[in-house]
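For the record, the sequence lines run as chains A and B.
Under our numbering, the first residue of the first sequence carries the number 367, and numbering increases by one thereafter.
Under our numbering, the first residue of the second sequence carries the number 62, and numbering increases by one thereafter.
Beta carbons: idealized from backbone N, C-alpha and C, even for Gly.
All of these numbers come straight from a predicted model, not from anything done at the bench.
Read through the structure below, which is laid out as structure tokens, and then see the notes.
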Amino acid sequence: MSMELTGAEIVFKALADHQVEYIFGYPGGAVLPLYDQLSKQKKIKHILVRHEQGAGHAAEGYARSTGKPGIVLVTSGPGATNMVTALTDAYMDSIPLVCITGQVPSHLIGTDAFQECDTTGITRPCTKHNWLVKDVNQLAETIHKAFRIATTGRPGPVLIDIPKDIQFKKGIYKSNEKIEIDSYQPNYKGDATEIEKAIELIAQAKKPIFYTGGGVVNAGEKASETLRELVSTTGFPITSTLQGLGCYPGEDSQFLGMLGMHGTYEANHAMHDCDLMINIGARFDDRITGMVSKFSPGSKKIHIDIDASSINKVVKVDVGIVGDAQSIMSSMVDIIKKKYPGFRSSNKEKISDWWKQIEIWREKKSLSFREDKSVILPQYAVQRLYELTKNQDTFITTEVGQHQMWAAQHYKFSKPNRWMTSGGLGTMGYGLPAAIGVQVAHPKRLVIDIAGEASILMCIQELSTAVQYRLPVKIFILNNEYMGMVRQWQELLHDKNYSESYSEALPDFVKLAEAYGAIGIRADKPAELDEKIKEMISVDRPVIFDCRVTKEENCYPMIPSGKAHNEMILGAEDEEVITEEGKVLV
Amino acid sequence: MSKSAYSTDITEEKLERVIIVAWVDNETGVLARVAGLFSGRGYNIESLAVAEVDEERNISRITIATNGTKLVIEQIKAQLLKLVPVHKVADFKIDLDKSVFKELALIKFIGDAEVLKQAEQICVDFKGEFLDKTPQSFIIQLVKKRSEINNFIKKAKPFGLASITRSGPLAMSKGSETIKDNKGKIL
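Right under this line is the structure:
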């Protein structure tokens, strides 16, 4: 039976049919009919942000921490353009978002009307797909397609632009079951012969390594379990990208830590020297590979990815398998168990030299840092934060920069979906709104945004959102008064010319918190850090924690640009060595 | 050490010319998606032709002449296949044994009787079809390979050649073979 509904009613019926609980948004002229309808229904709750970009990142945090799509509703023109950063961020990090934008009425499109912009044109390169709905009878179908495309295959953001007159017009609601997208059929299973080839390489390898990424998170919670089974079945070492942290327990002995530009010594050396690399759901990003021509020169490479275009894009591989990480890893486990019963113990001897080598690299203790009793070291702050929160199911978001890398290095995750960070786009300002989205989805959990004092100011307005909805997010600022990563690069590569990377004026973060109606805490001394962190955790309200850290700490270890994985520098001592040898650095 | 956080470009591989064909849903914005993909990812478009080829299924065929290293050509195809309204993609290397390549050109000549007479002779030599004639001008149509049209233009240029429009090359595989579905596959 078909019903006549208004466009606005169709939107909310469709959202309800997709089990949407929350939307993040901001009203405006071109979405007033939708906001009118919003208040007339009870199923879907709306989180009013303070800036559209915040809505986008909040939806990303919601999506990443739940595995469900994040929903955004914003107005035309500036509402839409303010969403561009969040859409691009979600596109780079494969986060499913459904963004609904209002548009000026159909008859005004193309006339440069008030708050008109070419939303589908602007967002075409930063969405997986987008639509301008010109016929109310196409609206339901378009929304269903949008959900399908956002959440299946390689997830990503989609956008539906709805002119205001379409929101008023009456049309037919079409249910989700009848929708087919001819040209869009993501491949989940993976080619059986390629999987067999991969297993043969695994059986022969003497120096293997698993290199896993965000694709494992996106393949669902089960995928992390299957990954643990695969790693345990093989006895191979495993490293993870920034996005993949949490899929494998950070404190497990087979885990070598994160790899890449600020990855551990053992992870990067193992990647360089391995004879078999098994990439599951990672994409050979340039922060991972370093110089591509020097990237793991002697290894055979297996690449499992749901996105066929990721395979052979940056690094040519020997075996490429298109499909869902969960499904493929699970077949791999089955085949290994069937073909090579007791593989781990029978294969132990073959890879024992490899593990010995890895232990030697491990002894470098590349994440260690000096002790300081007078000032708080940022690494120490993250370490204490971890130790004091690891007894509960904690969700961490970050902004972008040094603090992000220290968080990735020193906070150990044991579960997926607990770590929300802007990896691909590197969006400063991501962390606070993302934390809000996470807290909305997990009201009883501890949610901490590990931030820098520069990044946090990019979306600080969302603290007002947190206060309004009583979302007790904790903003843990590693405050060194510098854009730390910019300063670090200027130190290493531009002769310490700290051009515009020092913030000569900063707010008093304690007073800022109070102005917003949140709690402010400040720590200056290492001795008071634990007490104050405990105080922060115990407060059931939003907190800004101003952690004053040493000003000119660099983030190590580090692969300098243009270098290979085995040419890492571990700290300032290495810099000097290199300088003397040939002024390669500084 | 480089002063960049990115690695340096070391590609010295040879560029090859190729014609890429994509079968797409004939819907609003699809051409912008395809053209935007090329500009956004730094690929080159030499020429582009697009028209609906299957009214019933609402399918258009987009033909793009481009160039790139082997890896780039593979990436162009892979990225095109990633677009939702793209059904399948093919590339035609410039190999006359395997494929047919044709381009349509309309060319106008303007001049006095003496000049036009010489121009006409070249057109006849190249088997051009005369579409319009006045005492001061004529238009011919050429349906040929790109290089032959280039050759014609070079020869005819001094004889009143006034205006040219070209469709860009179209391509089709020879023999009974057609292009198979390759959506979601490694190329």
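Please state whether DSSP places residue i in a helix, a strand or coil.
i	result
A/Asp700	helix
B/Glu190	strand
B/Leu142	helix
A/Val952	Residue placement at A/Val952 is poorly supported in this model, since its pLDDT is 28, which falls under 50; the coordinates still yield a value, given next. Residue state, collapsed to three classes: coil.
A/Lys929	coil
A/Gly395	helix
A/Gln385	coil
A/Asn787	At residue 787 of chain A the sequence reads Thr, which differs from the Asn that was named. A/Thr787 falls in the coil class under three-state DSSP.
A/Thr518	coil
A/Pro523	strand
A/Ser957	With chain A represented from 367 up to 952, any question about residue 957 of chain A goes unanswered, as that position is not in the structure.
B/Ile247	coil
A/Ile802	helix
A/His769	helix
A/Asn757	coil
A/Ser619	coil
B/Ile4	The structure shown does not extend to residue 4 of chain B, since chain B is modelled only from 62 to 248, so the question has no answer here.
A/Thr764	strand
A/Ser915	The residue you asked about is not Ser; residue 915 of chain A is Val in the sequence shown. In this structure, A/Val915 counts as strand in the three-state DSSP scheme.
Taking Cβ-Cβ distances shorter than 7 Å, what residues in chain B pair up with residue i?
i	result
A/Tyr550	Val145
A/Gly629	Neighbours of A/Gly629 on chain B: none; closest Cβ ~15 Å, over 7 Å.
A/His473	What A/His473 touches in chain B: nothing, since even the nearest Cβ is about 17 Å away.
A/His495	Val145
Taking Cβ-Cβ distances shorter than 8 Å, what residues in chain A pair up with residue i?
i	result
B/Asp86	Asp548, Ser549
B/Ile247	Ala674, Ile677, Asn678, Gly686, Val688
B/Ala232	In chain order: nothing, as chain A lies at least about 21 Å away.
Using the C-alpha atoms, what's the distance from residue j back to residue i?
i	j	result
A/Phe709	A/Ile646	20 Å
A/Arg430	B/Leu203	58 Å
A/Thr793	A/Val397	27 Å
A/Glu370	A/Ser549	29 Å
A/Thr467	A/Val499	11 Å
B/Val114	B/Leu167	22 Å
A/Gln481	A/Asp690	41 Å
A/Glu933	A/Tyr631	10 Å
B/Glu252	B/Tyr67	Coverage of chain B is limited to positions 62 through 248, which leaves residue 252 of chain B absent and any answer about it impossible.
A/Ala966	A/Asp912	Residue 966 of chain A is absent from the model: chain A starts at 367 and stops at 952.
B/Arg118	A/Ser405	41 Å
A/Lys682	A/Glu897	51 Å
B/Lys143	A/Ser867	39 Å
A/Thr764	A/Ala817	6 Å
A/Asp719	A/Ser712	15 Å
B/Glu164	A/Val502	42 Å
Bridge partners for residue i per DSSP, in chain order?
i	result
B/Arg227	B/Ala166
A/Met924	A/Ile935
A/Thr372	A/Lys536
B/Asp115	B/Ile120
A/Val957	Since the first residue of chain A shown is 367 and the last is 952, residue 957 of chain A is not available in this structure.
A/Tyr577	A/Thr605, A/Asn645
B/Met233	B/Val161
B/Asp152	B/Ile81
A/Ile553	Residue identity check: residue 553 of chain A is Asn in the sequence provided, not Ile. DSSP, once it has assigned bridges, lists no residue as partnering A/Asn553.
A/Asn496	A/Leu525
So which residues on chain B does residue i lean against when the C-beta distance must stay under 8 Å?
i	result
A/Ile515	Val145
A/Arg490	Gly90, Ala93, Arg94, Gly97
A/Thr486	Gly90
Which residues in chain C sit within 8 Å of residue i, going by Cβ to Cβ distance?
i	result
B/Leu142	As a matter of chain content, chain C is missing from the structure shown, whose protein chains are A and B.
Counting only Cβ pairs nearer than 9 Å, list the residues of chain A close to residue i.
i	result
B/Gly129	Correct list: empty, because the minimum Cβ distance to chain A is about 13 Å.
B/Gln136	Ser675, Asn678, Lys679
B/Ser65	Leu859, Ser927, Gly928
B/Lys244	Ser549, Tyr550, Gln551, Asn553, Ala674
Could you list which residues in chain B have their beta carbon closer than 9 Å to that of residue i, in chain order?
i	result
A/Leu498	Thr89, Gly90
Below 7 Å on C-beta distance, what does residue i contact in chain A?
i	result
B/Gly101	Pro491
B/Ala83	None at all; the shortest Cβ gap to chain A is about 11 Å.
B/Ala112	Here the premise fails: no neighbours, minimum Cβ distance about 18 Å.
B/Ala151	The contacting residues do not exist; B/Ala151 stays about 15 Å from chain A at best.
query: What residue ranges within the segment 415-494 of chain A form continuous alpha helix (DSSP H) runs of no fewer than 4 residues, ordered along the chain?
result: 418-432, 444-447, 450-458, 485-489
Whole runs of the alpha helix (DSSP H) within the segment 624-660 of chain A, excluding any shorter than 4 residues: 631-639, 652-655
Worksheet entry | Minimum length 4: unbroken alpha helix (DSSP H) runs contained in the segment 815-895 of chain A | 829-834, 850-859, 875-882
Alpha helix (DSSP H) runs contained entirely in the segment 668-730 of chain A, provided each spans 4 or more residues: 691-705, 709-713, 718-728
Exercise. Tell me the start and end of each unbroken beta strand (DSSP E) in the segment 72-111 of chain B that is at least 3 residues and wholly inside, in chain order.
Key: 77-86
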